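**Q** The sequence shown begins at 0 in numbering that gives the first Met the number 0 and counts up by one. Just so it is clear, CB atoms sit at the ideal spot from N, CA and C, and this is done for glycine as well. Keep in mind the model is a prediction, meaning the values are calculated, not measured. The structure is given below, and queries will be raised subsequently.
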Amino acid sequence: MITVIAGGVGAARYLTGQLQVTPAPEVTAVVNVADDVELHGLHISPDIDTVIYTLSGAIDRNRGWGLADETWNALNELRALGLDAWFSLGDRDLATHMFRTTLLSQGRSLSEVTARLAEARGLRCRVMPVSDQPIETRVTLAATRHEAQREVGFQEYFVRLGHQPDVAAVRFEGIEAARPAPGVLEAIRDADVVVIAPSNPVVSIGPVLAVPGVSEALAARRDRNVAVSPIVAGAALKGPADRMLRSLGEEPSAVGVARLYRDFISKLVIDEADAALADTVAAMGVQPVVTQTIMSSPQAASALAQATVAAVS
Ligand code: FO1
0 MITVIAGGVG
10 AARYLTGQLQ
20 VTPAPEVTAV
30 VNVADDVELH
40 GLHISPDIDT
50 VIYTLSGAID
60 RNRGWGLADE
70 TWNALNELRA
80 LGLDAWFSLG
90 DRDLATHMFR
100 TTLLSQGRSL
110 SEVTARLAEA
120 RGLRCRVMPV
130 SDQPIETRVT
140 LAATRHEAQR
150 EVGFQEYFVR
160 LGHQPDVAAV
170 RFEGIEAARP
180 APGVLEAIRD
190 ADVVVIAPSN
200 PVVSIGPVLA
210 VPGVSEALAA
220 RRDRNVAVSP
230 IVAGAALKGP
240 ADRMLRSLGE
250 EPSAVGVARL
260 YRDFISKLVI
270 DEADAALADT
280 VAAMGVQPVV
290 TQTIMSSPQA
300 ASALAQATVA
310 AVS
C-alpha cells in the first residue's frame, strides 16, 4: 500500500501519477485540512476537494481548483446583494460545500463526508482528512511601513491578499486538540511506502505533520518514507512556498525542504535542475534522488511516481 501525505494542487497532480502506476485500492491520500474555511455558512475543505476533483477528472485544469464548466450565478447574486464574496465559489462547487455542511450538521465526521464525496465521484483510492477536529492555519503578516503586524486566516492571506504580504509566522489553531482521523495512523504504519507529496512544506504538509501522533508514526518508519521537493531551482511551481520558506528563515530550496523533513524521510526526490544540491541534501542525512519532478504531462507524473516509490522500495 502507498500512503501519500497531501496538500492541494501539487499533491493532486502527484496522485494522478501515482494512480497510473499503482492500483487505486492500494493508494491512500492523507490530506491537509488546515486550509478549511467557513464562508457563507458553509464548511469548505479546499485541499480535500482539489484532490477529489482532480483524481475524478472533474477539476478545472486552468485554475487547478474548483470544478470545470462552472457558472458563478450564486456568487454574483451574493455580490449584487452587497456581500464582499472574495472567495470564488462556483454554482456546482457550492453543492459540495452544502453537502459537507449538511452532513456535518447531522453529526457525521469530516472523514465520513470525505469518503462519501470520494465515492460519489467514483474514486477507488482512499481519501482521508488528517484529522476530524478543526485545525486552522493562521498567518501573521509581517509589519510594513503602512501596517502593523497582524494575523489573518489562511484563505484571506492566500486568496484575498493573493499571498503577496511577507509572512512573519504561521500557526495551526486547534492543533493540540486535534487527533489523527480514523485510519490515518494505520495508513502510515501499514504502508509499504509513504510519500510526502510536492505541496507547500509550511502550510500544506506542516499541519499534517503537526497533528499529534503523525510525525512520530512517520519517524518510526523513516527508512521507507520519501518526499518530493515542491521547490525546483529555488522557486515553487505554484503558490508562495519559496517566499514563505525564506520569510520564515528557511532556505527556499530543496536543501531547506530536506532540513524540514529529515526526521521523517530517508529520501528526497529533487529535480534535475537541482542536481548540484544533491551533496548538500545528502549532508542533511537525506539521500537525494535526482529526476524530473515537473509534472508537465500525465506521463511525467507517472514517471515521477514510479521513481519516487522505487527510491524506497
Ligand atoms: N484559490 C484562489 O486563488 N482564488 C479563489 O477564489 C479560490 C476559491 C476556491 C474555492 C474552492 C476551493 O476548493 C479552492 C479555492 N481556491 C481558490 C484554491 C484554494 O485557496 C487553494 O487551493 C488552497 O487552499 C491552497 O492549496
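1) Does ligand 1 have a heavy atom nearer than 8 Å to the CB of Gly238?
2) Taking the beta strand (DSSP E) that Val183 falls in, what are its first and last residues?
3) Going along the chain, which residues of its own chain have a beta-carbon closer than 7 Å to the beta-carbon of Pro51, five neighbours each way excluded?
4) Any chance you could list the beta strand (DSSP E) runs of at least 3 consecutive residues sitting entirely within the stretch 143-209, in chain order?
5) When you compare only the Cα positions, how much space is there between Glu37 and Gly161?
6) Is Thr70 buried or exposed, if buried means 16 or more other CB atoms sit within 10 Å of its CB?
7) Looking only at C-alpha atoms, which of Gly255, Pro197, Phe263, Gln19 sits nearest to Leu236?
8) Nearest to Leu18 by CA position, among Val8, Val3, Ile195, Leu41, is which residue?
9) So the beta strand (DSSP E) Val36 belongs to, where does it begin and stop?
10) Could you tell me if the beta carbon of Gln154 falls within a distance shorter than 8 Å of some heavy atom in ligand 1?
11) Excluding the 5 residues preceding and the 5 following Asp262 in the sequence, name in chain order all residues of the same chain whose CB lies nearer than 6 Å to its CB.
12) Straight-line CA distance for Ala79 to Met97?
13) Can you tell which of Ala168, Ser203, Arg220, Thr53 has the C-alpha that lies nearest to the C-alpha of Ile187?
14) For Met127, name the three-state secondary structure that DSSP assigns.
15) Look up Asn224 in the DSSP assignment and give the residues it is bridged to.
16) Rounded to a whole number of angstroms, what is the C-alpha to C-alpha distance between Val166 and Val202?
17) Quick check on Ile33: does DSSP put it in helix, strand or coil?
18) Which first and last residues belong to the alpha helix (DSSP H) in which Leu116 is found?
19) Taking the runs of the beta strand (DSSP E) that are 3 residues or longer, which of them lie wholly in the stretch 248-303?
20) State whether the stretch 280-288 contacts the stretch 201-215, with contact taken as three or more CB pairs (one from each stretch) at a distance under 8 Å.
21) In this structure, does DSSP put Leu140 in helix, strand or coil?
22) Would you list the one or two residues that DSSP bridges to Leu66?
23) Could you compute how far the alpha carbon of Pro287 sits from the alpha carbon of Asn224?
24) Does the distance from the CB of Val30 to the CB of Ala10 come in under 9 Å?
25) Can you give me the start and stop residues for the beta strand (DSSP E) that Val3 sits inside?
26) Starting from the C-beta of Thr100, find all residues in its chain whose C-beta is less than 6 Å away, skip the five residues before and the five after it, and write them out in chain order.
27) Can you give me the Cβ contacts of Ala176 inside the same chain, cut-off strictly under 7 Å, excluding the 5 residues immediately before and after it?
28) Just to confirm my understanding: we take Leu259, look at its own chain, exclude 5 residues before and 5 after, and list those with CB closer than 7 Å. What are they?
**A** Taking the geometry as given:
1) Walking along the sequence shown from the start, residue 238 turns up at place 239. Yes - ligand 1 has a heavy atom lying nearer than 8 Å to the Cβ of Gly238.
2) For the purposes of this step, residue 183 is taken as residue 184 along the sequence shown, with counting starting at 1. Per DSSP, Val183 belongs to no beta strand (DSSP E); it is in the alpha helix (DSSP H), 183-188.
3) The sequence position of residue 51 within the sequence shown is 52, counting from 1. The residue asked about is misnamed: residue 51 is Ile in this sequence, not Pro. Answer for Ile51: Leu116, Ala117, Arg120, Leu122, Val126, listed in chain order.
4) Correct list: 149-152, 166-172, 192-195.
5) Position 38 of the sequence shown holds residue 37. Position 162 of the sequence shown holds residue 161. If you take the alpha carbons of Glu37 and Gly161, they lie about 19 Å apart.
6) Counted from its first residue, the sequence shown places residue 70 at position 71. Thr70 comes out exposed.
7) Residue mapping note: residue 236 aligns to position 237 of the sequence shown, counting from 1. Selected option, being the one with the closest Cα: Pro197.
8) Within the sequence shown, residue 18 is the residue found at index 19, counting from 1. It is Val3 whose Cα lies nearest to the Cα of Leu18.
9) Position 37 of the sequence shown, counted from the start, is the residue given in the question as residue 36. Segment 36-38, the beta strand (DSSP E) holding Val36.
10) As a first step, residue 154 must be located in the sequence shown, where it is residue number 155. Taking the Cβ of Gln154 as the reference point, at least one heavy atom of ligand 1 falls within a distance shorter than 8 Å.
11) Indexing the sequence shown from 1 puts residue 262 at position 263. Counting only Cβ-Cβ distances below 6 Å, and skipping sequence neighbours, we find Ala218.
12) Indexing the sequence shown from 1 puts residue 79 at position 80. Indexing the sequence shown from 1 puts residue 97 at position 98. If I take the Cα positions, the gap works out to 21 Å.
13) As a working mapping, residue 187 is identified with position 188 in the sequence shown. Per the C-alpha coordinates, the member of Ala168, Ser203, Arg220, Thr53 positioned closest to Ile187 is Arg220.
14) Start at 1 with the first residue of the sequence shown, and residue 127 comes out as number 128. Of the three classes helix, strand and coil, the one that applies to Met127 here is strand, per DSSP.
15) Position 225 of the sequence shown holds residue 224. Per DSSP, Val193.
16) Within the sequence shown, numbered from 1, the residue matching residue 166 stands at position 167. Within the sequence shown, numbered from 1, the residue matching residue 202 stands at position 203. The straight-line gap from Cα to Cα measures roughly 11 Å.
17) What you label residue 33 is simply residue 34 of the sequence shown in a count that begins at 1. This sequence places Ala at residue 33; Ile is not what is there. In the structure shown, Ala33 sits in coil (DSSP, three-state: anything other than H, G, I, E or B).
18) Numbered from its first residue, the sequence shown carries residue 116 at position 117. Residues 109-119.
19) Annotation note: the stretch 248-303 contains the following uninterrupted beta strand (DSSP E) runs of length 3 or greater, listed N- to C-terminal: 266-270, 286-290.
20) no
21) The residue you call residue 140 lines up with position 141 of the sequence shown. Leu140 falls in the strand class under three-state DSSP.
22) For the purposes of this step, residue 66 is identified with residue 67 of the sequence shown, where counting begins at 1. Leu66 is bridged to Ile58.
23) Position 288 of the sequence shown holds residue 287. Position 225 of the sequence shown holds residue 224. Roughly 13 Å between the two C-alpha positions.
24) Your numbering for residue 30 matches position 31 in the sequence shown. Your numbering for residue 10 matches position 11 in the sequence shown. Contact flag set, yes.
25) In the sequence shown, residue 3 corresponds to position 4, counting from 1. First-last of the beta strand (DSSP E) with Val3: 1-5.
26) Along the sequence shown, one-based indexing puts residue 100 at 101. Same-chain partners within the cutoff: Leu41, His42.
27) Residue 176 sits at position 177 when you count from the first residue of the sequence shown. For Ala176, same chain residues with a beta-carbon under 7 Å away, outside a window of 5 residues either side, are Gln132 in chain order.
28) Numbered from 1 along the sequence shown, position 260 holds the residue referred to as residue 259. Cβ within range, chain order: Pro200, Glu249.
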